[in-house]
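Worksheet: one structure, shown below.
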Amino acid sequence: MKYFSLVFIIFFNLACNDKSSKNKPNIILIMTDDQGWGQTGYYNHPILKTPNLDSMATNGLRLDRFYAGSPLCSPTRATVLTGRSNDRTGVFSHGYALRLQEKTLAEALKKKGYKTAHFGKWHLNGLKGPGVPILKGDNHSPESFGFDYWISTTNFFDLNPLMSRMGAFFDFKGNSSEIIVNESLRFIEKNHSSESPFFVVIWDGSPHDPFLASEEDRKQFKSLDEKSQNHYGELVAFDRSIGVLRKSLKDLGISENTILWFCSDNGGLGEAISPSTVGGLKGFKGSMWEGGLRVPSIIEWPSTIKPKKTNYPASTMDIFPTIAEIVGLPESEMLKPIDGVSIVPVFNSKIKKRENKIPFRLEDKGALINNNMKLLAHSIKNENFELYDLKNDPKESIDISKTHPDIFEVMKMEYTAWNNSVDASLKGEDYPEGKVLSQPKTHFWMGDENYKIYLEEFILRPEYERRIKKFYK
Ligand SMILES: [Ca+2]
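Taking numbering that gives the first Met the number 0, I'd label the letters of the sequence shown as residues 0 to 472.
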């Protein structure tokens with residue numbers, strides 16, 4: 000009898016596992032580069048129209064208080080892949096390499112049977128300078144972090160990009176947003192019919208500089224200066240690529256059970272771009288003010304998420320824990336401490352208050368968000384803190400630390416404790432080795448030994464010419 004029960008239990012479990020793996024959602028993360036919080040049609044931008052993002056927002060969960068994990072590109076990318084604040088992972092600023100000792104979302108999903116792929120800007124291999132193809136054998140390529148397939152560049156890329164498909168150079172012609180979405184669709188078409196779901200990461204290079212848009216895409220911005228025309232034109236092309244992606248998922252019959260999660264990697268660009276990129280918030284990319292951190296974000300998952308707008312505060316550090324809950328990843332797949340939480344409870348409920356605070360740290364600056372309260376550190380070392388009430392003062396104009404000393408002191412203590420735990424991570428205490436193994440130093444590819452043989456070819460390209468000449472001046 001006992002034997003039969005055991006057989007039954009094993010069989011039952013296998014049957015369940017099999018069924019659950021078949022129903023696992025496909026996952027696409029798509030992220031723009033430097034798109035500010037105000038730069039969408041659905042936030043009533045005065046000129047820019049984003050019909051495809053608007054449609055996605057109407058059909059999905061619109062996260063109106065979503066934060067990039069950091070106000071800069073590489074650090075935010077590290078938070079997406081690890082669920083941890085950037086400094087824990089060794090990505091202290093742009094162009095830093097993600098530590099191989101980190102555990103990534105792609106690695107976890109791959110183990111769960113997902114086909115994984117990365118398209119576009121990588122910026123986690125320690126190289127600075129405009130995006131060049133990632134070389135075969137780069138031990139910090141997307142492959143090193145769990146992506147089976149990749150067509151990627153080291154950093155931002157623009158019109159007619161030179162990219163690397165698993166180490167082989169491809170000289171693409173056309174708009175970069177459309178190119179990477181089309182390439183990701185090629186991957187999806189090949190992989191969606193198999194038993195295993197897919198995990199696709201699309202990291203766009205728009206609307207980061209250099210600002211280059213086609214005549215067609217910039218023509219609606221003729222009243223703007225040339226820089227702004229091109230910058231906004233890049234967003235028009237990105238929005239169009241969202242349309243192509245969504246329509247193709249529908250045509251393939253897989254849109255219902257595909258999670259499409261859109262966001263930007265940091266806040267908007269400064270005064271050089273007009274009209275403003277940050278929708279009236281204070282500060283820009285690089286700062287801990289809301290304009291530097293808050294970004295547009297939408298999760299579309301038609302089979303599961305009913306259309307909704309929420310003010311629940313969330314961040315890119317929540318992406319890994321959220322997907323872990325959806326897919327049922329074992330706890331051991333995430334390196335502790337994790338700074339994000341799963342936002343699955345927000346999907347179809349009225350939950351408004353977030354229990355876990357959202358922490359930030361970049362160089363000597365920091366912030367801690369507790370729902371409407373925000374502690375801001377101009378200098379962590381000098382303990383130069385301020386306190387803001389984002390509900391009553393969304394533009395962060397009045398420091399209330401003196402009028403609310405109780406809240407201020409508690410949040411300062413909490414931030415300091417968190418900051419100490421980041422210092423421990425930084426030293427490698429979270430890793431089984433108890434220390435940080437050797438890491439590539441951040442440097443420009445123009446001076447990298449492995450890129451030397453390509454310089455003659457690269458100098459003929461307008462996107463590299465000036466940078467190479469400047470480097471060897
Ligand atoms: Ca960026």
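Note that beta-carbon positions come from the ideal geometry of N, C-alpha and C, so glycine has one too. Keep in mind that this is a model prediction, so the values were computed, not measured.
Exposed unless 16 or more other CB atoms sit within 10 angstroms - verdict on GLY94: buried
Cβ of ASN154 versus every heavy atom of ligand 1: is any distance shorter than 7 Å? no
Would the C-beta of ASP157 count as close to ligand 1, meaning under 7 Å from any of its heavy atoms? no
Quick check: does the Cβ of HIS230 come within less than 7 Å of any heavy atom belonging to ligand 1? no
Consider the C-beta atom of ASN265 and the heavy atoms of ligand 1; say whether any pair is separated by less than 7 Å. yes
Between the region 64-83 and the region 263-273, can you find at least three pairs of beta-carbon atoms closer than 8 Å? yes
Cβ pair count under 8 Å reaching 3, the region 35-45 against the region 221-228: no
Find out if the Cβ-Cβ distance for the pair PRO306, ASN58 is shorter than 8 Å. yes
Regarding CYS262 and ligand 2, is the C-beta to nearest heavy atom distance less than 7 Å? The model on display carries ligand 1 but not ligand 2.
Using a 10 Å radius around the Cβ and a threshold of 16 neighbouring Cβ atoms, would you call MET445 buried or exposed? buried
Answer with buried or exposed for MET412, where buried requires no fewer than 16 other C-beta atoms within 10 angstroms of its C-beta. exposed
When the distance is taken between beta carbons, is LEU386 closer than 8 Å to PHE407? yes
Under the rule that 16 or more other beta-carbon atoms within 10 Å means buried, what is TYR471, buried or exposed? exposed
Distance CB(ASP64)-CB(PRO461) smaller than 8 Å: First, the amino acid is wrong: residue 64 is Arg here, not Asp. No, the pair does not count as a contact, with Cβ atoms beyond the cut-off.
Kindly examine ligand 1 and report whether one of its heavy atoms sits closer than 7 Å to the Cβ of ASP422. no
Under 8 Å by Cβ, that's how I've got ASN159 and GLY145 pegged, so tell me the actual separation to the nearest angstrom. Rounded, the Cβ-Cβ distance is 29 Å, inconsistent with contact.
I think LYS114 touches ASN181, with their Cβ atoms under 8 Å apart; what is that distance to the nearest whole Å? Contact doesn't hold; Cβ gap of about 18 Å is too wide.
Give a single yes or no on whether ASP33 has its beta carbon closer than 7 Å to a heavy atom of ligand 1. yes
Would you say HIS207 touches ligand 1, meaning its beta carbon is less than 7 Å from a heavy atom? yes
Counting along the chain, where does the alpha helix (DSSP H) carrying VAL79 start and finish? 72-81
Using CA atoms only, rank isn't needed, just tell me which of PHE384, ARG360, ARG466 and ASN383 is closest to SER420. ARG360
For ILE272, which option in LEU244, GLU428, GLN34 and VAL200 has the closest C-alpha, if you only look at C-alpha atoms? GLN34
Look at the alpha carbon of GLY530 and the alpha carbon of ASP250, and state the distance between them as a whole number of angstroms. Only positions 0 to 472 of the chain appear in the structure, and residue 530 is not among them; the question remains open.
How about PHE261 and ILE29: are their beta carbons less than 8 Å apart? yes
Here's the rule: buried if 16 or more other CB atoms are within 10 angstroms of the residue's CB, otherwise exposed. What is LEU459? exposed
Restricting to Cα atoms, I'd like to know which of PRO404, LEU104 and THR257 is closest to LEU244. THR257
Which one of ALA366, LEU134, THR315 and ARG466 has the shortest CA to CA distance from ILE342? THR315
Span of the alpha helix (DSSP H) holding ILE179? 175-190
Going residue by residue through the region 360-388, where are the continuous beta strand (DSSP E) segments of at least 3 residues, counting only ones entirely within it? 364-369, 372-378 and 383-388
To the nearest angstrom, report how far apart ALA167 and SER240 are at their CA atoms. 24 Å
Counting along the chain, where does the beta strand (DSSP E) carrying LEU211 start and finish? Looking at the DSSP string, LEU211 is not in any beta strand (DSSP E), and its letter there is neither H nor E.
Of the residues ASN449, GLY365, ARG465 and GLY339, which one's Cα is nearest the Cα of GLY82? GLY339
Quick one, which of MET287, THR309, TYR430 and PRO404 has its alpha-carbon nearest LYS394's? MET287
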